[in-house]
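> Submitted below is the structure of interest, expressed as structure tokens.
4 protein chains.
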Amino acid sequence: MANGRRGAPRNEEARLAILQATANQFITRHYEHLTVEGIAADAGVSKQTIYRWWPTKGALIAEAMIEGLLFAEPLTPLDTGDLRHDLVTWLDTLFEFARDERNEALVRSLVAAAAENADVGLRLSESVGAASTLIARLESGIETSELRPDAPVTDIVNALLGAFIVRILTRIPTDVGAATRLVDAVLGPAPASR
Amino acid sequence: MANGRRGAPRNEEARLAILQATANQFITRHYEHLTVEGIAADAGVSKQTIYRWWPTKGALIAEAMIEGLLFAEPLTPLDTGDLRHDLVTWLDTLFEFARDERNEALVRSLVAAAAENADVGLRLSESVGAASTLIARLESGIETSELRPDAPVTDIVNALLGAFIVRILTRIPTDVGAATRLVDAVLGPAPASR
Amino acid sequence: MANGRRGAPRNEEARLAILQATANQFITRHYEHLTVEGIAADAGVSKQTIYRWWPTKGALIAEAMIEGLLFAEPLTPLDTGDLRHDLVTWLDTLFEFARDERNEALVRSLVAAAAENADVGLRLSESVGAASTLIARLESGIETSELRPDAPVTDIVNALLGAFIVRILTRIPTDVGAATRLVDAVLGPAPASR
Amino acid sequence: MANGRRGAPRNEEARLAILQATANQFITRHYEHLTVEGIAADAGVSKQTIYRWWPTKGALIAEAMIEGLLFAEPLTPLDTGDLRHDLVTWLDTLFEFARDERNEALVRSLVAAAAENADVGLRLSESVGAASTLIARLESGIETSELRPDAPVTDIVNALLGAFIVRILTRIPTDVGAATRLVDAVLGPAPASR
DNA sequence: CAATAATCGAGACGGTACGTCTCGTCTTCTT
DNA sequence: AAGAAGACGAGACGTACCGTCTCGATTATTG
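Chains as they are written, first to last, in full-length UniProt numbering: chain A, 1 to 194; chain B, 1 to 194; chain C, 1 to 194; chain D, 1 to 194.
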């Protein structure tokens, strides 16, 4: 059945090649050295095909993020039943991930992109920190009374993620206890067994 | 007496003109559109004079930050004796500052610069959040027992500042209670008398 | 009865719209800025319809010339019985025509097209100078003995037309006596009774 | 001694390389396929260096003409004392030159350039026909009474050259007698010994 | 009267070149 | 030396057209 449009339909293969190339280039050359010409060449596509569908580099990156091409495995929190433990584990994984200079540069690059482009910004906390899953985990912590009912869940997530990002931006190497200390600050110090 | 070097000494006037021009251009055109040629023209200086003394744009910005040319008034926290209140006030001022789209863009620009340049990154939390003063304020809070003695002061500052930056990057408009909620999130809920 | 071909016949309306658009664009934008896309848009036709029937821009222009769409009125010589006078009048009209900058540009454009495309070249002298009529006029001059029987009629036409074109190309403004001098140059000086 | 200007002086080597490359490309690829990028690559120069000094392709060609880089040997008329003979010889050489398809294309290309650019146009008749030398030859013919004193010398040159150009543009192959016939037309038929 | 074949408008596509912008280096003259 | 002026090679920008191609819709012809 007709779709109301005429002319050749958009080439899905080209679209994916472009997004994949965007991810490749973003990872290898970082945001500041990302070029549309490079992406076009890498994707085997003409520049015009890129400009026809995406207004800016940022839009490309944002879409590559949506397609899940930027990060290999999303860093999502677990749910073992112990909120404090789950948060520490998640943060530790994040810090560990960023201990590899390549990954740290990738995150920094993503922050740079987010700073210059709203589309990327909108997806930043989701992409870096799996924010929505994290929020869900915290809300489940409220149900198990590990968190008081009026805890500002979103703000807690922003604080944890923000602390991570500030560390990345200020280039302060992360010490071992950082994750625990941050969670302590946010949930209050660990009870009894401490 | 001679300083052991020959030839004309460095022109301090030119140095300041360059840094001032850097600040002007940074504020008006943002980091992504900052050009060395533009700075040179604005400062009435040749490009070579810039390249002779600064290796990168980031170094220029970092030095302009040190000279206090980027932000009009530093947003420092007060000390009224009530820590929680002082923090909320400070955060509110920050959010208020960023409510002006021009300032928000300025902060975003600074984050972009920090992401791409270590010199700027090192000074980011100081410049945006007056981090050292804030740390001092928190430490004085420990003395007045408003904070437990082992509170992770630096991490708390990172969390507060980071939450602010995450908000800026994700372009989420700030609602009225944000500052209070954030302090609650990071220090735990306000005690009894609330 | 069938013509041996199946499918929809060529759309004559589209053909004329294309040629008319070619003429419009040629006149307003000149040969160097003539684009197939512009013609297609102007004619309300798809590019493919143009490429299906004409191999090059030159072919389009040549056909527009044949259809008489490029020049409003062909500049044909008269026959008053006085050959020399008729030639001077004709040349004067030509010079007068080209005195309007718009027309001069049009002729130059046509020369450019002729230089780059054989189809246009073939029709150049006919289109600019009504060459065949001019040759006929000269041959009638032989019959009235105003011209010697072995006069190289075609070469004379080429010389007159060529001189005009050289003037156009070299951008030399035409003075009043030019037409007369040129006829003198090509036919030899006027005889006795002058 | 100072010349009043500061900054590096124009690089003469680059200038010549560019003009030489222009000539090369013009000869091998013709005007319509001449590209600034190609010239820059051929000359080993950046595009900006070209655009800094020449506003258009036409200006490049015009300057290459002035430097005598476009035509190997200028086609200048001789002076044997016999005007008619010298003109026929000159025209014959011209026709002979253009009989090689490569040269014909070169002349056509030059006409195209002249049609689209005034700088080239100004130099066309000089470059193709050595117009000034030809005019001088005709004036010397007046002194020897081979030409009447009031002969329109410039117009005669335009007519001869124009006839040549029209032949080139209309792609009419040149027959053997063409040169003689044209000169006959212009000087009147040859006297006695014919 | 279905199957076939050609036309047409629309528009996506890989390419090439455009003319501009900025980079970081360099060369010259002046202070 | 340091500095102003500015030329230079390099390379990316975003745009304009090229000529080809794929669509779906619309005619005609033919078996």
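Yeah, the Cβ is synthetic: ideal placement off N, Cα and C, and Gly gets one too.
(1) Within a Cβ cutoff of 7 Å, which residues of the same chain sit near S46(C), ignoring the five residues on either side of it in sequence?
(2) At a Cβ threshold of 7 Å, is L161(D) touching chain C?
(3) Taking three-plus beta-carbon pairs below 8 Å as touching, is the segment 77 to 85 of chain B in contact with the segment 20 to 28 of chain B?
(4) Do the segment 112 to 123 of chain C and the segment 107 to 124 of chain D make contact, defined as three or more Cβ pairs closer than 8 Å?
(5) How many Å lie between M1(C) and R10(C) at the Cα?
(6) Compare the C-beta of T170(A) against all C-beta atoms of chain B and say whether one is closer than 7 Å.
(7) Identify the contact partners of I156(D) in chain C, using a Cβ-Cβ distance below 7 Å as the criterion.
(8) Counting only runs of 3+ residues fully inside the segment 146 to 186 of chain A, write out the beta strand (DSSP E) ranges in chain order.
(9) Could you tell me how far apart the beta carbons of R167(D) and N158(C) are, in whole angstroms, since I believe they sit closer than 8 Å?
(10) Check whether the Cβ atoms of L182(C) and A163(C) sit closer than 7 Å, and answer yes or no.
(11) With a CB to CB cut of under 7 Å and the five nearest residues on each side skipped, what residues in its chain are close to Y31(B)?
(12) For E139(D), would you say it is in contact with chain C, using Cβ-to-Cβ distances shorter than 7 Å as the test?
(13) Between I61(A) and V128(A), which are expected to be in contact by the criterion C-beta below 8 Å, what is the C-beta distance as a whole number of angstroms?
(14) Please list, in chain order, the residues of the segment 15 to 45 of chain D that have any C-beta partner in chain C closer than 9 Å.
(15) Spell out whether any CB of chain D is found under 7 Å from the CB atom of S127(C).
(16) Less than 7 Å between the C-beta atoms of E139(A) and V153(A), yes or no?
(17) Helix, strand or coil for H85(C)? Go by DSSP, reduced to three states.
(18) Can you list, in chain order, the residues of its chain whose CB lies under 8 Å from that of A130(D), leaving out five sequence neighbours each side?
(19) Might you give, ordered along the chain, the residues of its own chain that have their beta carbon closer than 7 Å to the beta carbon of I50(C), omitting 5 neighbours on each side?
(20) Taking just the CA atoms, how far does G7(C) sit from G68(C)?
(21) Would you identify the three-state DSSP class for H33(B), choosing helix, strand or coil?
(22) For A114(B), which residues in chain A fall below 7 Å Cβ to Cβ?
(23) If you count every other CB in all the chains shown that lies within 10 Å of the CB of S193(B), and 16 or more means buried, which is it?
(24) Exposed or buried, E101(C), counting other C-beta atoms within 10 Å across all chains shown (16 or more means buried)?
(25) Assign S125(C) to buried or exposed, taking buried as 16 or more other Cβ atoms, counted over all protein chains shown, within 10 Å of its Cβ.
(26) Comparing C-alpha positions only, which one of R148(D), W53(D), D92(D) and H33(D) sits nearest to L12(D)?
(27) Counting contacts by CB-CB distance shorter than 7 Å, is R181(D) in contact with chain C?
(28) Hey, does R102(A) have any beta-carbon neighbour from chain B nearer than 7 Å?
(29) So I165(A) and I156(B) are supposed to be a Cβ contact under 8 Å. How far apart are they, rounded?
(30) Label V176(C) either buried or exposed according to how many other C-beta atoms from any shown protein chain fall within 10 Å of its C-beta, with 16 as the threshold for buried.
(31) With a 10 Å radius around its C-beta and 16 neighbouring C-beta atoms as the bar for buried, classify D184(B) as buried or exposed.
(32) Would you grab the beta carbon distance between F95(A) and A190(A) for me? Rounded to a whole angstrom, and I think it's under 8 Å.
(33) Mind checking if I142(B) is an interface residue toward chain A, Cβ cutoff 7 Å exclusive?
(34) Is the distance from the Cβ of R137(C) to the Cβ of D92(C) below 7 Å?
(35) Flag this pair as yes or no: are the beta carbons of R29(A) and M65(A) separated by less than 7 Å?
(36) Reducing DSSP to helix, strand and coil, say where D42(C) ends up.
Let me lay it out:
(1) A40
(2) yes
(3) no
(4) yes
(5) The pLDDT assigned to M1(C) is 43, lower than 50, so where the model puts this residue is not dependable; a value taken from the coordinates is nonetheless given after this. Approximately 17 Å, taken between the alpha carbons.
(6) yes
(7) A185
(8) none
(9) 6 Å
(10) yes
(11) S109, A112 and A113
(12) no
(13) Rounded, the Cβ-Cβ distance is 13 Å, inconsistent with contact.
(14) H30, Y31 and E32
(15) no
(16) yes
(17) helix
(18) P74, L75, T76 and P77
(19) I18, V36, I39 and A40
(20) 30 Å
(21) helix
(22) L169
(23) In this prediction, S193(B) scores a pLDDT of 46, lower than 50, which makes its location untrustworthy; no coordinate-derived value is stated.
(24) exposed
(25) buried
(26) It is Glu, not Leu, that sits at residue 12(D) in the sequence shown. Of the listed residues, the one whose Cα sits closest to E12(D) is W53(D).
(27) yes
(28) no
(29) With 8 Å as the limit, I165(A) and I156(B) do not qualify as a contact, their Cβ atoms being about 15 Å apart.
(30) exposed
(31) buried
(32) Not confirmed; about 19 Å, so no contact.
(33) no
(34) no
(35) no
(36) helix
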